[in-house]
Structure formats: structure tokens, C-alpha cells
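Here the protein sequences come in this chain order: A and B. The numbering of the first sequence is full-length UniProt numbering, which starts it at 1 and goes up by one. The numbering of the second sequence is full-length UniProt numbering, which starts it at 1 and goes up by one. No residue lacks a Cβ here, since even glycine has one placed at the ideal position from N, Cα and C. In this text, all values refer to a predicted model and were calculated from it rather than measured experimentally. Below you'll find the structure, written out as C-alpha cells, and then a few comments.
Protein chains: 2
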Amino acid sequence: MSTKRRKVRRGRPLKTDAAPDMRERILDAAEDHFSRHGFWGVTVREVAQEAKVDTALLHYYFNTKRGLFDAVFERRAEIINEERIESIDAYVKSAGSAITVEGVIDAFLQPILQRAATGDQRWHNYFALIAQVNNTPAWGGETMGRTFDNVIHHLIDALRKALPDVSEEELYWSYHFLSGALTLTLSQTGRIDRLSEGLCKSSDFEAIGRRMAPFIASGFERLCKPQAAKRKKAT
Amino acid sequence: MSTKRRKVRRGRPLKTDAAPDMRERILDAAEDHFSRHGFWGVTVREVAQEAKVDTALLHYYFNTKRGLFDAVFERRAEIINEERIESIDAYVKSAGSAITVEGVIDAFLQPILQRAATGDQRWHNYFALIAQVNNTPAWGGETMGRTFDNVIHHLIDALRKALPDVSEEELYWSYHFLSGALTLTLSQTGRIDRLSEGLCKSSDFEAIGRRMAPFIASGFERLCKPQAAKRKKAT
DNA sequence: GCCAATAATCATCAACTGATGAATAAATCC
DNA sequence: GGATTTATTCATCAGTTGATGATTATTGGC
Numbered sequence: 001m002s003t004k005r006r007k008v009r010r011g012r013p014l015k016t017d018a019a020p021d022m023r024e025r026i027l028d029a030a031e032d033h034f035s036r037h038g039f040w041g042v043t044v045r046e047v048a049q050e051a052k053v054d055t056a057l058l059h060y061y062f063n064t065k066r067g068l069f070d071a072v073f074e075r076r077a078e079i080i081n082e083e084r085i086e087s088i089d090a091y092v093k094s095a096g097s098a099i100t101v102e103g104v105i106d107a108f109l110q111p112i113l114q115r116a117a118t119g120d121q122r123w124h125n126y127f128a129l130i131a132q133v134n135n136t137p138a139w140g141g142e143t144m145g146r147t148f149d150n151v152i153h154h155l156i157d158a159l160r161k162a163l164p165d166v167s168e169e170e171l172y173w174s175y176h177f178l179s180g181a182l183t184l185t186l187s188q189t190g191r192i193d194r195l196s197e198g199l200c201k202s203s204d205f206e207a208i209g210r211r212m213a214p215f216i217a218s219g220f221e222r223l224c225k226p227q228a229a230k231r232k233k234a235t
Numbered sequence: 001m002s003t004k005r006r007k008v009r010r011g012r013p014l015k016t017d018a019a020p021d022m023r024e025r026i027l028d029a030a031e032d033h034f035s036r037h038g039f040w041g042v043t044v045r046e047v048a049q050e051a052k053v054d055t056a057l058l059h060y061y062f063n064t065k066r067g068l069f070d071a072v073f074e075r076r077a078e079i080i081n082e083e084r085i086e087s088i089d090a091y092v093k094s095a096g097s098a099i100t101v102e103g104v105i106d107a108f109l110q111p112i113l114q115r116a117a118t119g120d121q122r123w124h125n126y127f128a129l130i131a132q133v134n135n136t137p138a139w140g141g142e143t144m145g146r147t148f149d150n151v152i153h154h155l156i157d158a159l160r161k162a163l164p165d166v167s168e169e170e171l172y173w174s175y176h177f178l179s180g181a182l183t184l185t186l187s188q189t190g191r192i193d194r195l196s197e198g199l200c201k202s203s204d205f206e207a208i209g210r211r212m213a214p215f216i217a218s219g220f221e222r223l224c225k226p227q228a229a230k231r232k233k234a235t
């Protein structure tokens, strides 16, 4: 079992090898590990081992461990960001003056929830990674902002159309609550499974897809529509 | 600057030293570091250095690094859990048959938000730690459940009183969204500061305290009160 | 067909990591 | 007041860590 000295080719690989692009293979392996244990919980050796390459190759492509992490984080961000902007725009256009908060939020959520629902492990890992970064005090805010604020401003612009004369502060705080609810969902820790004794499942994105937009939209409307009369102070 | 060989006492300390309990000092230092960088982002040496003790002492008290982490996590959990249960019970009792969802949720949130609002850095760190654990896929669900499920069942029992004939599933999913919104708030990453260009501040717990219960309660009511007529499918 | 650029492994580094057994000194027990 | 227990630092270990310069083999440009 010990040193089975597998003969490993050195030097540039033959073109005919048609090995799945090493760079992508490293990113997949890194995504898998980072998503489960975070930046510090992973060693470059673990990643290299899973990708079946030498650790030096991973420095060749990404220079540092942090460079590798950032590359993982950005790879799928571009895809999902584009999808979300298209989804919001399509809804706003189709709804016209009948635009609703719930419609906008649903349009924003669906691209993510649908990708999560396919059961593709790699997207699943990626979303879990976002969840961790979003809750990392030291550098999470900066990284999330740099990567996603564009899309979020797009979302907020659309929400303004459904909420005339809305206060900016209420809008941002409402998004904040949405962000927290969404990222916990994406992190799939299995806590709700345990709490509900199996009644609800972290992996049941169909169930989440049905409930999340109504829940969140209702909160937005409560906070953003200044119907002061409705407020009742408890006790 | 190099080796200023500070003469350090060896052996058991004099009783008259009245040094602040070393065990607590280690826990404080560990809390500070773990909350910022997570379990793997911290070395026992860093903690020992901040607590100004030898690394061996920290193994003396907590055996392993994980033991230290668990001790940090549990120390304040007991305090805050008790406060939350008392707060919920007090509200349920005082409200009587006028019990509302918003009232219950507010009672659940206030102990946390008030402690966060005092600006006590140590509670602030602890809450950030909870946020990270809640979003850790590998072991977050298990740890959160073990530590907090008791209180959460207490919360859910109270909510049932305000929501007769409620579906269990809707109740658990609603709590799930609440949990995500709360923990992101507690992680204080500064993202909303950046997103809103300074209009909203992560550290403004007074602002959060005013908005969170209405937002979340509204979501609960939308999901848990089966007023099917109100539902409108947006395109 | 030569030569620079590219893509990979190998061998190794200095620094760091969690942990532990031994030494030391005060407190407490009897 | 001697022996045991408790609380602390010291010295050190074996294993791991991120990183890099040297080496090797293939591709692509001219």
C-alpha cells in the first residue's frame, strides 16, 4: 500500500492526452474543499491530491492559496450574476405596470434556487462557499460587495419600481434580511432537518422556492410601504 | 527589540496576585480570534500570545484546540439562552390572548439585539462566531442544534399560540429564514455599509431592532396564515 | 528543424502547527 | 510541616504548511 511509485509523466503533456483542462480540475477540487471547510480549513496539498496534480502546478496557475480561492469564488459568480440580471429584466419588462415586490424577488431568486435544485454538486458547493464568505467578519463584506453589489443594485432598482416613494434605508435593510435568509439556505447545514425532526429538508429547494419569495416580499412590503396605521406596538 | 527575556514566574501563582482568572482570559482571547477567523484560521499560539500565557496552559485547561473552541461556544450560550426563554415566557404571560407573532419574535430577538447594542466587544465577537458556525456546512448544523434547539423549540411553541392551526412545515421554514437574517446581522461584515454607501451601518443595532421583528413577523404571517385568497401568482 | 514558451513534476525549504513530558512553585490537605 | 494537588512555564517533538527553483518534456512560432 505504501510507495506504489506510480510512474508519472513529467513535462508538458501530449496534446492527444485530452486530459480535462488541469486548471479547471484544480478549481473543481478547490471549490469542493473550500466550500466545506473555508479558506483556512483547507491545505493546498489536499486540493492538489484531489485534483491529482502536484502542488507546484497549483502555484503555477494561481500563484498563492488566496489567488486560488479568489479564482474559485469568481468563476461561477459571473455566470450566476448574468442570469440574475437577465431574469430581473425579463420580469420587469413582462410585468409592466403590474410589477410586484414578490415578482421581482422571485425573479432574483429563481436562477439560484433552480441551479441548487438540479442537484449539481459543484454548484451546491459554490453556494455553500458564498454562504460562508457572507458570514465572515474579517473580509466577507469586502469580498461579497466586490463580487455581487452590481447585481444587488440592479435588484434594488427593480424593487423601487414596485415600491414608489420608498425610503432607501428600509430598502437596504430589507435586502440585508433577504441576503441572510438566502445564504443560510444555500449553506445547507442540515440544521432544519434536525430541528424539525426530518419534516423539512435543507436540500428540498422546491419547498424553499415556493416559500421564500412570499415570505421575503411580505417583509419588504411591511417595512417599505409606509402604512403607519397598520403598525401596532405589542405591549 | 529582539529577545527582551522578560523574567516570567514559573509554578503556581501567588494567591495575592489576584490575576484575572487565567481560564477566562484564555477564553476571551480565543473568542476574539475564533470569531474573526473561524476554527482553522486561528493557531493556539496566537490565542496564548494574546492571553499572555504559555500554549501548554491552554492544553492544560481545554486538552485540545477543539475543546477550547467548544468551551468558547458554550460559555455565553447558556446566558443568552436563559435570557431568551425568560423573555419569551414573560411576553406570552403578559400578552395573554392578545398574543401576536410580532410580539413573540420581538421577545425572542430583544435579548440578543440589546446585548449587541451595548457595544460590548466580547458579546459582539461571540455573536459573530455564532454566525460563522451557523453557516458552516461540515459541522455547523450539528453544533447549532446541540446548543440552541432547546430555545428554538420554546420559540416555536410560543408562535403556535399566536398562529392556531398552523402547518408545522411553514413554521420551521419561517424560522429558518429568521435564523439566516439574524445570524447575518450578528456577523457584522460591513457589507450593508458598503452596499448602501454609508446610509445603513452594520453596527446600528437600534435601527435593526426597530425593523427586524416587523419584517420577519410579516413573513411568518404570510406563510403560516392560510389565507389562500390573498395569494396572487406573479406571471 | 531550431528555439522560446508552455505545462507539468520533483526535491526541498524554512517556518509553523498542535501537542506533551518535565520542571517549578505555590496552595491545600491532614 | 510534610505530602499531595494545582497552576504555571520550559523545552522540544514529529508532522504539516505554503511556497519555489530546478528539471523535464511537449507545443507552437518562424
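{"Query": "Burial state of A/Tyr91 (16 or more Cβ within 10 Å)", "Result": "buried"}
{"Query": "Entirely enclosed alpha helix (DSSP H) segments - the segment 95 to 133 of chain B, minimum 4 residues", "Result": "101 to 117"}
{"Query": "Alpha-carbon to alpha-carbon, A/Ile26 and A/Val47", "Result": "7 Å"}
{"Query": "Sequence-distant residues of its chain with Cβ nearer than 6 Å to B/Ile105 (five each side left out)", "Result": "Ala213, Ile216, Ala217"}
{"Query": "Where the alpha helix (DSSP H) through A/Asn150 begins and ends", "Result": "140 to 162"}
{"Query": "Bounding residues of the alpha helix (DSSP H) (the contiguous stretch that carries B/Thr64)", "Result": "Where B/Thr64 is concerned, there is no enclosing alpha helix (DSSP H), given that its DSSP letter is neither H nor E."}
{"Query": "Neighbour list for A/Ala128 in chain B, Cβ cutoff strictly below 7 Å", "Result": "Pro137"}
{"Query": "Chain B within 8 Å of A/Glu31, Cβ atoms only", "Result": "no"}
{"Query": "Listed by chain order, chain A residues near B/Asp120 by CB distance under 7 Å", "Result": "Under the 7 Å cutoff, chain A gives no residues; its nearest Cβ is about 16 Å from B/Asp120."}
{"Query": "Sub-8 Å separation of A/Pro137 and B/Arg36 beta-carbons", "Result": "yes"}
{"Query": "Three-way DSSP call (helix, strand, coil) for B/Lys52 in this model", "Result": "coil"}
{"Query": "Member of A/Arg12, A/Leu223, A/Gln188, A/Gly140 whose CA lies at the smallest distance from the CA of A/Asn125", "Result": "A/Gln188"}
{"Query": "Element boundaries [alpha helix (DSSP H), containing B/Glu206]", "Result": "205 to 224"}
{"Query": "Contact between the segment 177 to 187 of chain B and the segment 106 to 121 of chain B (3+ Cβ pairs under 8 Å)", "Result": "yes"}
{"Query": "Buried or exposed by the 16-neighbour rule on C-beta atoms within 10 Å, applied to B/Val42", "Result": "buried"}
{"Query": "Residue interval of the alpha helix (DSSP H) (run including A/Thr185)", "Result": "168 to 187"}
{"Query": "Inter-stretch contact (C-beta, 8 Å, three-pair minimum) for the segment 141 to 154 of chain B and the segment 196 to 204 of chain B", "Result": "no"}
{"Query": "Proximity of B/Phe127 and B/Leu68 at Cβ, strictly below 8 Å", "Result": "no"}
{"Query": "Whole-Å CB distance - A/Gly38 paired with B/Trp40, under 8 Å assumed", "Result": "6 Å"}
{"Query": "8 Å Cβ shell around B/Val53 - same chain, five flanking residues per side excluded", "Result": "Met22, Arg25, Ile26"}
{"Query": "Same chain only: Cβ atoms within 7 Å of B/Val8, ignoring 5 sequence neighbours per side", "Result": "none"}
{"Query": "Proximal residues of chain B, C-beta to C-beta of A/Phe215 below 7 Å", "Result": "Ser174, Phe177, Gly219, Arg222, Leu223"}
{"Query": "Neighbouring residues, chain A, relative to B/Asp89 (Cβ below 9 Å)", "Result": "Under the 9 Å cutoff, chain A gives no residues; its nearest Cβ is about 14 Å from B/Asp89."}
{"Query": "B/Ala95 versus B/Ala162: straight-line alpha-carbon distance, rounded", "Result": "10 Å"}
{"Query": "Boundaries (first-last residue) of the alpha helix (DSSP H) holding B/Leu195", "Result": "191 to 195"}
{"Query": "Collapsed DSSP secondary structure at B/Leu27 in the structure displayed", "Result": "helix"}
{"Query": "Burial state of B/Gln132 (16 or more Cβ within 10 Å)", "Result": "buried"}
{"Query": "Nonlocal neighbours in the same chain, by C-beta distance under 7 Å from B/Ile208, ignoring five residues either side", "Result": "Leu113, Thr185"}
{"Query": "C-alpha distance - A/Ala98 paired with B/Glu102, whole-angstrom precision", "Result": "30 Å"}
{"Query": "Neighbouring residues, chain A, relative to B/Ile192 (Cβ below 9 Å)", "Result": "Gly141, Tyr172, Trp173, Tyr175, His176, Ser179"}
{"Query": "Coil, strand or helix - A/Asp165 by DSSP", "Result": "coil"}
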